[in-house]
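Residue numbers (the numbering used here): 336 to 666.
This is the structure:
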């Protein structure tokens, strides 16, 4: 058993959770906490360890090292019990294409051992929740991506789990279906269901109650979005409207006071490399180079700003450490 005391307010808690595949370190001593009733966004680039972490938390993969609990259940001691009390929606929808919508729901109700007398009611409830009423007899293989997505979520919820894990559920789905799906997810979270969701879409991450950023298997930042922006980011973000956005972006990219420049139509978004960079500094710098500035103002950093900044910072730190190690070995 781990040396830490379990906290009933936490749906997920891990200490030193680690997964190795041979020589590959996929998850590196992860300390993760997700509060009950929280919509938690788990972010990271491809290969960062998101899906591996989720599979360990779902009892599908055995950790190499470390400990964890999900809804108070020990991941190492009782992974099968974890599977029975959570819902899990994988990246690839695990639906049966040759079964109808209703038959898929009935199958998962049996898999999750929903009592026989409750199955019909639960299936009706899921059809209504996922807006699938009227499609009960349609084959799952004939559904559009958005409806398949909703059916997969309904199957993961048919046994009324306290917590649901959604692993990149909106990948490859059109924007309208994504918005509909997220409205459903938000409604579930507001109703008290704990949800951990992995995503590549930064606009989706903005909708979460709390975020965890993972990079090369390590948690590099976590907490409510507003707190991360206020306490961790620590650099100015400015937006400009200029007469020539290309000229402005090119000029700013050469300035060592600027970390990143992004063009978006007539607007230019600037992330400063230091705290003191202000709107007057940017306007003066551009005007001195013949660029007409129509408007410049400070704006709040987005989750995408945080994501790119954290990953870039970690990458630079690792490169410096490698160079230092190389220099030491040569010396």
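Note that the Cβ used here is the ideal one computed from N, Cα and C, for glycine as well. Note that the structure is predicted; figures quoted are calculated from it, not measured.
Using the beta-carbon count (16 or more within 10 Å), is residue i buried or exposed?
i	result
residue 627	exposed
residue 513	buried
residue 505	buried
residue 630	exposed
residue 354	buried
residue 369	buried
residue 349	buried
residue 610	exposed
residue 422	buried
residue 381	exposed
residue 414	buried
residue 451	exposed
residue 336	Unreliable positioning characterises residue 336 in this predicted model, as indicated by a pLDDT of 41, which lies under 50. The coordinate reading is nonetheless provided below. Exposed, because fewer than 16 other Cβ atoms sit within 10 Å of the Cβ of residue 336.
residue 356	exposed
residue 338	Note that residue 338 scores a pLDDT of 49, beneath 50, so its modelled location is shaky; the value from the coordinates is reported in the next line. So residue 338 counts as exposed.
residue 652	exposed
residue 401	buried
residue 552	buried
residue 479	exposed
residue 436	buried
residue 559	exposed
residue 503	buried
From the DSSP output, which residues share a beta bridge with residue i?
i	result
residue 423	500
residue 347	369 and 405
residue 377	533 and 547
residue 285	The question about residue 285 has no answer here: the residues shown for the chain are numbered 336 through 666.
residue 597	604
residue 394	DSSP lists no partner for residue 394.
residue 474	435
Does DSSP classify residue i as helix, strand or coil?
i	result
residue 412	coil
residue 630	strand
residue 553	strand
residue 400	strand
residue 337	At residue 337 the pLDDT is 47, less than 50, meaning the model places this residue with poor confidence; the figure from the coordinates comes in the next sentence. Coil, per DSSP.
residue 610	coil
residue 383	coil
residue 342	coil
residue 641	helix
residue 417	helix
residue 635	coil
residue 495	coil
Provide the residue span of the beta strand (DSSP E) that contains residue i, from first to last.
i	result
residue 605	602 to 607
residue 589	First-last for residue 589: undefined, no H or E at that position.
residue 572	572 to 577
Ends of the alpha helix (DSSP H) at residue i?
i	result
residue 462	451 to 464
residue 481	480 to 492
residue 442	436 to 446
residue 510	510 to 525
residue 562	560 to 563
residue 617	614 to 622
Does residue i come within less than 7 Å of chain C when only Cβ atoms are used?
i	result
residue 612	In the structure shown, chain C does not exist; there is a single protein chain.
What is the C-beta distance between residue i and residue j, in whole angstroms, given that I count them as a contact (C-beta under 8 Å)?
i	j	result
residue 606	residue 377	About 24 Å; that fails the 8 Å criterion.
residue 577	residue 621	7 Å
residue 403	residue 352	5 Å
residue 486	residue 430	6 Å
residue 557	residue 568	Rounded, the Cβ-Cβ distance is 14 Å, inconsistent with contact.
Is residue i near the ligand PLP, with its Cβ less than 6 Å from a heavy atom?
i	result
residue 516	For the ligand PLP, the structure offers nothing, since it holds no ligand at all.
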